[in-house]
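**Q** Note that the UniProt record's numbering gives residue 43 to position 43 of the sequence shown, counting from 1, and the numbers run on in steps of one. Ideal Cβ positions, reconstructed from N, Cα and C, are used throughout, including at glycine.
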Amino acid sequence: MGQPFTASIPHRLGKAEATRRLQVGLTTVRSRFGRHIAILQEVWTGEHLDFRIAALGQTANGTLDVTEEAVHLSVELPFLLDLLARKAQDLIKKQGRLMLEKK
Numbered sequence: 001m002g003q004p005f006t007a008s009i010p011h012r013l014g015k016a017e018a019t020r021r022l023q024v025g026l027t028t029v030r031s032r033f034g035r036h037i038a039i040l041q042e043v044w045t046g047e048h049l050d051f052r053i054a055a056l057g058q059t060a061n062g063t064l065d066v067t068e069e070a071v072h073l074s075v076e077l078p079f080l081l082d083l084l085a086r087k088a089q090d091l092i093k094k095q096g097r098l099m100l101e102k103k
């Protein structure tokens with residue numbers, strides 16, 4: 001594994017509302033991308049999420065931290081998933097922004 005894949009998405013919602021929207025939005029991720037990505041574990045502790053995902057027969061662990069002004073994602077990816085994530089970084093950020101913008 002190389003450097004973790006990271007992304008930060010700014011918001012103006014505050015921690016509680018951003019966390020709520022992300023928790024709801026993960027349901028959409030499961031239904032929309034479920035054929036490609038499986039969320040194997042999702043453990044929220046306040047505004048912190050520890051998760052484990054599977055894609056293309058590989059697994060990865062990550063964290064998501066919600067602050068007053070941004071959401072910070074960090075995922076330790078195996079080589080193949082790292083390549084795909086870096087190419088899809090704009091899509092990942094867009095999906096995050098959509099989760100935060102929806103009411």
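1. With 16 other CB atoms within 10 Å as the buried threshold, where does residue 60 fall?
2. Contact between the segment 73 to 88 and the segment 49 to 59: three or more CB pairs below 8 Å?
3. Residue 100 and residue 18 - do their beta-carbons sit closer together than 8 Å?
4. If you run the structure through DSSP and keep just helix, strand and coil, what is residue 67?
5. Quick one: Cα of residue 95 to Cα of residue 62, how far?
6. Using the C-alpha atoms, what's the distance from residue 23 back to residue 90?
7. Do residue 14 and residue 68 have their C-beta atoms closer together than 8 Å?
8. Taking 8 Å as the threshold (C-beta atoms), are residue 93 and residue 39 in contact?
9. Could you spell out where the beta strand (DSSP E) holding residue 41 opens and where it closes?
10. If you draw a straight line from the alpha carbon of residue 80 to that of residue 30, how long is it in whole angstroms?
**A** Reading from the atomic positions:
1. buried
2. yes
3. Using a Cβ distance threshold of 8 Å, residue 18 and residue 100 count as a contacting pair.
4. coil
5. 17 Å
6. Distance between the alpha carbons of residue 90 and residue 23 is about 21 Å.
7. yes
8. no
9. 38 to 45
10. 21 Å
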